[in-house]
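Here is the structure we will look at.
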Amino acid sequence: MRQLFNQLISFPYFFKIAQISFPYLFLLSILIILLGVLWGVFFSPVDVTQGEVYRIIYLHVPAASVAQSIYYTMVIASITYLIWRIKMAGVFMISMAPLGAIFTFLALFTGAVWGQPTWGTWWVWDARLTSTLILLILYLAIISLFSSFDRRASTDQAVSIVVLIGGINLPIIKLSVEWWNTLHQSASITLSGSSIDNEMLIPLLISIFGFYLYVTAIGMRKMQVEILKREISHNWVKEIFKEKR
Amino acid sequence: MKSFYFKTFQRDSKVYLSRSSSFLGPIVFFLITITLYPLAFGSDEEKLAELSAGIIWISILLANLLSHQFIFNEDYKDGSLDLVLASGKSLFLWASIKIFVNWYFSSLPLIFLSLLTSFMLYLPFDAALILALTLFLGTPILSMFGALAGALTLERGNIVGSSIVIPMCLPALILGILAIQSFKNEELFFYIFLLAAFLFFSIPILIASCLGAIRLHFE
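One line per chain: the protein sequences are A and B, in this order.
Each residue of the first sequence is one higher than the one before, starting from 1 at the first, in my numbering.
Each residue of the second sequence is one higher than the one before, starting from 246 at the first, in my numbering.
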C-alpha cells in the first residue's frame, strides 16, 4: 500500500499511468454521461409539478456535486502539501482549481436556466445559490494567485495556505449565508421537499458517476500537462518523447 | 532595556503617525465612500436608514483593503523582515503586534467615525452603538485577513490580495449586519457572541498562516 502510494506520487510513474489510462477513462466517462443524460431526457417519467423542464437536473446536480467535491479534495491536497511537502499535491491543486471553477459556473448556469421557468427568475439570492457564487469567486481568486510568484514551490505553498483557510472558512460562510437568508426571505422551492422517484434517481446517479469519472480523466490530463511544465528539462521526459519519435 | 516587542510597537506607531497617507488614507476613503451612497441612492430618509448599517460595514471593509499592504511590505523591502526571521524571537507575537498597530491606526478611527456617520445616514442611536460594537469585533478579523493577503503578495502588491480577502470576510459582514437588524430582540446576543467566536477562532489560525505566507518568500 505504502509502496503503491510512493509510486503514484512520483512524477514519471504517474505520467505513464495517466498516459495509458486516460483514453479509456475519458471514453468510459463520456459513454456513462451519455447513458445517464439520454436515459434521463428521453426515458424517465415527466415531473408532476415542473413538467419537462426538470430534466436539466441530469446536468445540474452532477455539476454542482463535482464542483463542491473538487474543493474538498483540494483541501485534502493542501493539508498533504503543507505537512509532507509532496510535490504531487501542489500539481493536483493547480490542475484542479480551473476545473472546479468551470463546474461551479456550469452549476450556476444550468441552475439559472432551470430557475427561469420554475421560479420565474434567472437568479434568486437564495442561500445555496449565494454560497455557490462565493465558491466560484474563491476558485477564481485561487487561480489568480497562480501567477503572483516567481517560484513554483512558493506558488504551491501560497495556494495551499489559501485553499486550507478557505476550506475552514467555507462551512462558516455557508452557515452565515443561511442565517442571513432566513431573515431576508424563505427559499421558494426546496429539493428535499419532494423525494425523487427511483426512475429518475437511477439515471441521475449514473450521470453523477459519469461526471466524476470525466473529472478524474480530465484532471489526470491536466496534471500531466502541469508535470511536463515543471519537469521539462528532466531526462525521463526527454526519454518518453524520444521513444515516440 | 525595552523589549523587542515593545520597540516594534513603538516604531510601527511612529511610522503610522508620521505618514499622513497611511493614517489619513483610510479615513478619507471611508468618508468619500459614505458620501457616494446617498448620491447614488437618493437622500430619502427611510431608505438610507434601512441601508445605513450595510453602507458603513461595506465602506469599512473596502477602506481596510487599502491599508493591508502596509503591514509587512516595507519591512520586506528594507530587509528588516530577514533580521526578525533570523533573530529567533517569537514571530507569532511580533506579527500580532504589527497587525494590532495596523488595526489601531486604520480601523479604530473608522469605528469612532462610524458613530458620526450613522447620524448622517439616519441610523437610530442605539442601533449605531450596536454597529460600533460589531465593528469593534469585526474589524480585527478584516485586519488579519488583510495581513494574510498582504503577506501572500509581498513582492507585488496587487488586486489578487483583495480578491482573496473579501470572500473570506463574508461571515464577519453577515453576522455584523444580522446583529444590527435584530437589535431589538434577544437574537442580538446570539449574533454578537458568534462574531466574537469567529474573531477568537481566527486569531491563531490566521496569524499562523500569515507567518507561513511570510516564510515562503524566504525559502
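Using N, Cα and C, we set each Cβ at its ideal position, and we do this for glycine too.
For residue j and residue i, the rounded distance between their alpha carbons
| i | j | result |
| --- | --- | --- |
| PHE275/B | PRO385/B | 17 Å |
| PHE251/B | ARG230/A | 45 Å |
| ALA373/B | SER332/B | 45 Å |
| VAL329/B | TYR321/B | 10 Å |
| ILE83/A | LEU25/A | 31 Å |
| LEU368/B | LEU136/A | 34 Å |
| ILE448/B | VAL53/A | 48 Å |
| PHE337/B | ILE142/A | 25 Å |
| TRP179/A | ILE425/B | 14 Å |
| LEU213/A | ILE33/A | 9 Å |
| VAL37/A | LEU204/A | 8 Å |
| ILE260/A | THR216/A | The first residue shown for chain A is 1 and the last is 245, placing residue 260/A beyond what the model contains. |
| MET74/A | LYS259/B | 42 Å |
| LEU414/B | PHE249/B | Checking the sequence, you will find Cys at residue 414/B rather than Leu. Rounded to the nearest angstrom, the two C-alpha atoms are 31 Å apart. |
| PRO271/B | LEU140/A | 27 Å |
| LEU387/B | LEU420/B | 13 Å |
| GLN7/A | LYS16/A | 11 Å |
| ASN309/B | PHE345/B | 13 Å |
| LEU284/B | ILE301/B | 15 Å |
| LYS318/B | TRP122/A | It is worth fixing the name first, because residue 318/B is Asn in this sequence and not Lys. Going by the C-alpha atoms only, they are around 43 Å apart. |
Residue i beta carbon near the ligand SAH (any heavy atom closer than 6 Å)
| i | result |
| --- | --- |
| ALA63/A | No copy of the ligand SAH appears in this structure; indeed no ligand is present at all. |
Inter-residue CB distance, residue i and residue j (contact presumed, cutoff 8 Å)
| i | j | result |
| --- | --- | --- |
| LEU366/B | SER297/B | 3 Å |
| MET96/A | VAL159/A | 11 Å between Cβ atoms; not a contact. |
| LEU444/B | LEU382/B | 5 Å |
| SER104/A | ALA67/A | According to the sequence provided, residue 104/A is Thr. The question's Ser does not apply to it. Right, the Cβ-Cβ distance comes to about 4 Å (below 8 Å), so this counts as a contact. |
| ALA294/B | ILE161/A | So it is not a contact: roughly 41 Å between Cβ atoms. |
| PRO62/A | ILE208/A | 4 Å |
| HIS313/B | GLY391/B | 3 Å |
| SER65/A | MET200/A | Incorrect: roughly 16 Å between the Cβ atoms, too far for contact. |
| ASP289/B | LYS343/B | Rounded, the Cβ-Cβ distance is 43 Å, inconsistent with contact. |
Proximity winner among the options, relative to residue i (alpha-carbon distances)
| i | options | result |
| --- | --- | --- |
| SER359/B | ASN347/B, ILE375/B and VAL346/B | ILE375/B |
| LEU311/B | LEU330/B, LEU336/B and SER266/B | SER266/B |
| ILE316/B | PHE350/B, LEU306/B and ILE277/B | PHE350/B |
| ILE452/B | PRO416/B, THR362/B and SER335/B | SER335/B |
| PHE146/A | PRO283/B, ILE342/B, MET389/B and LEU397/B | LEU397/B |
| ARG246/A | SER44/A, GLN157/A, VAL48/A and ASP47/A | What is shown of chain A runs 1 to 245, which leaves residue 246/A out entirely. |
| ILE134/A | GLY111/A, ALA101/A, ARG2/A and ILE161/A | ALA101/A |
| PRO12/A | ILE70/A, VAL48/A, LYS87/A and GLY115/A | LYS87/A |
| LEU378/B | GLN314/B, LYS247/B, ILE279/B and ALA417/B | ALA417/B |
| GLY210/A | LEU4/A, GLN3/A and LEU27/A | LEU27/A |
Under the three-state DSSP convention, the category residue i falls into
| i | result |
| --- | --- |
| ASP327/B | helix |
| ASP47/A | strand |
| SER10/A | coil |
| GLY193/A | Confidence is the limiting factor: at GLY193/A the pLDDT is only 48, short of 50, which leaves the residue's position unreliable, though a coordinate-based value still follows. Helix, per DSSP. |
| ARG152/A | helix |
| LEU361/B | helix |
| ILE232/A | coil |
| GLN314/B | coil |
| LEU461/B | coil |
| LYS238/A | helix |
| TYR81/A | helix |
7 Å CB neighbourhood of residue i in its chain, flanking five on each side removed
| i | result |
| --- | --- |
| VAL91/A | MET223, GLU226 and ILE227 |
| SER454/B | LEU393 |
| GLY166/A | LEU138 |
| ALA441/B | LEU382 |
Contact set for residue i: own chain, Cβ-Cβ below 8 Å, skip 5 residues either direction
| i | result |
| --- | --- |
| SER188/A | Interpretation of SER188/A is limited by its pLDDT of 43, a score under 50 that renders its predicted location unreliable; the figure taken from the coordinates is listed afterwards. Hits under 8 Å: TRP119, VAL124 and ASP126. |
6 Å CB neighbourhood of residue i in its chain, flanking five on each side removed
| i | result |
| --- | --- |
| TRP236/A | PRO12 |
| PRO326/B | Position check: residue 326/B holds Leu in this sequence, whereas Pro was assumed. Once the five neighbours on either side are set aside, the close Cβ partners of LEU326/B are ASP320. |
| PHE428/B | ALA372 and ILE375 |
| TYR282/B | ILE300 |
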